[in-house]
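Please read the structure below before turning to the comments.
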Amino acid sequence: MRDFAALRRRFPVLARKTYLNSGSYCALADSVRDAINAYMEDRLQVGANWDVWVEKNEAVRSAMAAVLRASPDEVAVTASASAGLNALASAFQFHGPRNKVIVSDFEFPTNAQIWHAQELRGARVVHVPATPDGYIPLDNFARLIDDETQLVAVTHVCFRNGARLDIPGIVRLAHAHGARVLLDCYQAVGALTVDVRQLDVDFAVGGMLKYLLGTAGIGFLYVRGALLPTLIPSNSGWFAQENIFAMDITANRPAPSARRFEAGTPAVVNCYAAEAGLKIILEVGTDVIEQRVRELTRHCLDELAGVGWASVTPPQDERRGPMVCIPAREPARLCQSLMEQDIVASFRDNNLRATLHFYNSADDVLRLVTVLQQCRTRHHPHAK
Ligand SMILES: Cc1ncc(COP(=O)(O)O)c(C=O)c1O
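The numbers in the sequence shown follow my numbering, run straight up by one, and end at 828.
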């Protein structure tokens with residue numbers, strides 16, 4: 445049994461705040477702060493330490509591969525999830541009959557906008573609708589995935605309502621039609637186990653600033669190894685080349701590995717932070733984290749039900765990610781008043797969004813529900 449209280453003490457902000465905002469930006473761990481300070485010290489003492497810095501990028505690649513249960517050669521370290529998506533999209537061709545890209549209505553904007561941007565290159569983008577109960581059943585995907593589908597690009601967990609899609613089911617449907625699957629696992633990875641081999645996805649994107657405990661300005665793209673030789677990105681740069689230091693300006697010679705989806709100089713300081721964050725995730729273990737997060741979200745839903753405040757997040761464990769979304773009147777104002785009482789959360793649409801990580805506790809959940817009850821008259825959706 446993990447000592448979650450001891451782990452919690454490694455995140456100093458948790459001593460001051462009820463922090464329910466990891467789906468927006470994680471709490472800062474002392475080791476992540478130390479890593480950023482180590483970079484600063486390097487700059488002060490050594491000046492330019494490129495050999496060490498390039499290795500930091502490789503350390504992030506290896507740690508990210510371990511989290512995804514992939515090989516380091518299948519992972520590109522990118523500047524953001526969007527950067528990874530753009531590099532990948534640039535390697536697809538859309539001029540043949542297989543030009544359909546399927547996205548769901550649960551997507552974070554970037555994973556729809558970037559595919560719509562490919563309409564300039566011949567892509568047809570089709571949206572899979574949600575049902576009125578706030579889920580997207582497999583049947584809705586089955587109706588749209590066909591032999592003209594090149595890619596199904598779906599989120600793992602919806603950033604609006606916390607619903608988790610049936611990824612293995614979607615992958616089976618897509619592969620049966622010869623289509624590939626891209627998983628946007630940003631709202632899941634680090635809080636749930638995202639095993640790319642077990643899920644059998646072809647591509648996955650995300651970034652380090654949420655449940656991976658790192659910082660903004662660094663992300664990843666996973667590409668199934670067998671697909672690498674067939675995908676040559678036109679979105680490139682010198683760090684994407686087979687031999688970075690050849691400095692050859694006569695040709696584009698992409699790296700054989702997923703590094704071909706990278707571009708320019710890595711964000712060195714972000715690599716320091718990301719490596720430190722990923723180390724914590726690997727130390728605690730994603731299976732342990734997933735179970736803890738499931739218990740906390742379950743507890744939150746039960747407490748809310750107990751005070752007659754329904755959630756729009758699916759109650760079934762297998763349909764839920766690390767967040768609980770709570771309908772509220774004036775959610776922005778509610779968020780502000782929670783902030784004034786040292787509860788950090790966020791909001792989307794008409795919902796307050798409480799996102800939970802392993803460092804949260806049952807007390808955090810109780811505190812949230814208690815304060816919600818105090819604001820009930822103003823913010824409960826059905827208050828008279
Ligand atoms: C599910 C999901 N995908 C993508 C993004 C955007 O990632 P980036 O800003 O790194 O491009 C976010 C950011 O919140 C997200 O929640």
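Quick reminder that beta carbons are idealized off the backbone N, C-alpha and C, glycines included.
Whole-number beta carbon distance between residue j and residue i, since they are thought to touch under 8 angstroms
i, j, result
"W559", "A597", "6 angstroms"
"L672", "P700", "7 angstroms"
"A720", "A473", "7 angstroms"
"K461", "D786", "5 angstroms"
"G578", "A607", "6 angstroms"
"A707", "G681", "4 angstroms"
"V569", "I725", "Going by Cβ atoms, the distance from V569 to I725 rounds to 33 angstroms, so no, they are not a contact pair."
"L595", "R616", "16 angstroms between Cβ atoms; not a contact."
"L810", "E747", "7 angstroms"
"F448", "R822", "The Cβ separation is near 33 angstroms, so there is no contact."
Same chain, Cβ closer than 6 angstroms to residue i, neighbours up to 5 away in sequence not counted
i, result
"R452", "L458 and Y803"
"L529", "I558 and V649"
"L582", "D610 and G613"
"V788", "K461, Y463 and N465"
"S805", "none"
"L675", "A535"
"G658", "M652, A717, A718 and G721"
"Y483", "V713 and Y716"
Inter-residue Cα distance where the pair is residue i and residue j
i, j, result
"G622", "G765", "28 angstroms"
"V640", "M691", "34 angstroms"
"V751", "A772", "14 angstroms"
"K723", "I688", "27 angstroms"
"F552", "I693", "37 angstroms"
"V490", "G467", "36 angstroms"
"V519", "D478", "26 angstroms"
"E686", "R446", "43 angstroms"
"L782", "E774", "12 angstroms"
"V476", "A620", "43 angstroms"
"V713", "H600", "28 angstroms"
"S506", "N493", "20 angstroms"
"H826", "C602", "25 angstroms"
"Q537", "R565", "8 angstroms"
"N679", "V521", "14 angstroms"
"H801", "Y469", "11 angstroms"
"V815", "L643", "39 angstroms"
"E485", "A471", "23 angstroms"
"F585", "R763", "16 angstroms"
"A635", "G540", "39 angstroms"
"E563", "D495", "41 angstroms"
"Q830", "K654", "Residue 830 lies beyond the range of the chain shown here (445 to 828); nothing can be said about it."
Three-way DSSP call (helix, strand, coil) for residue i in this model
i, result
"R624", "strand"
"V572", "strand"
"Y666", "strand"
"P541", "coil"
"F791", "strand"
"V633", "strand"
"R773", "coil"
"N530", "helix"
"V649", "strand"
"N465", "strand"
"P758", "coil"
"Q685", "strand"
"T780", "Per the sequence shown, the amino acid found at residue 780 is Gln instead of Thr. In this structure, Q780 counts as helix in the three-state DSSP scheme."
"P673", "helix"
"S475", "helix"
"R641", "helix"
"M767", "strand"
"A806", "helix"
"P698", "strand"
Sequence-distant residues of its chain with Cβ nearer than 8 angstroms to residue i (five each side left out)
i, result
"P677", "A531, L532, S534, A535, A684, P698, R704 and F705"
"D549", "H571, V572, P573, A574 and I580"
"F791", "A772, P775, A776, L778, C779 and R797"
"D646", "R624, V625, L626, V667, R668 and L671"
"N795", "R604, N605, V756, C769, I770, P771, A772 and P775"
"A503", "C715 and E719"
"S515", "A509 and G669"
Contacts around residue i, its chain only, beta-carbon distance under 7 angstroms, and the 5 residues preceding and following it disregarded
i, result
"T637", "T730, D731 and E734"
"V768", "G606, T741, C744, L745, S755, T757 and A798"
"R911", "With the chain covering 445 to 828 only, the question about residue 911 has no answer from this structure."
"P456", "D474"
"W753", "I770, L816 and H824"
"D517", "G669, S701 and A702"
"E784", "none"
"N696", "S680"
"R513", "D639, V640 and R641"
Segment contact, 8 angstroms Cβ cut-off, at least three pairs: the segment 531 to 548 with the segment 583 to 601
The segment 531 to 548 is in contact with the segment 583 to 601.
With a threshold of 8 angstroms, are at least 3 pairs of Cβ atoms found where one atom belongs to the segment 498 to 505 and the other to the segment 625 to 634?
The segment 498 to 505 is not in contact with the segment 625 to 634.
Check whether the segment 607 to 617 and the segment 739 to 750 are in contact - that is, three or more C-beta pairs closer than 8 angstroms.
Fewer than three Cβ pairs drawn from the segment 607 to 617 and the segment 739 to 750 lie within less than 8 angstroms of each other, which leaves the two stretches out of contact.
Does the segment 519 to 526 come into contact with the segment 652 to 666, if we say contact requires no fewer than three beta-carbon pairs (one atom in each stretch) closer than 8 angstroms?
Yes, the segment 519 to 526 touches the segment 652 to 666.
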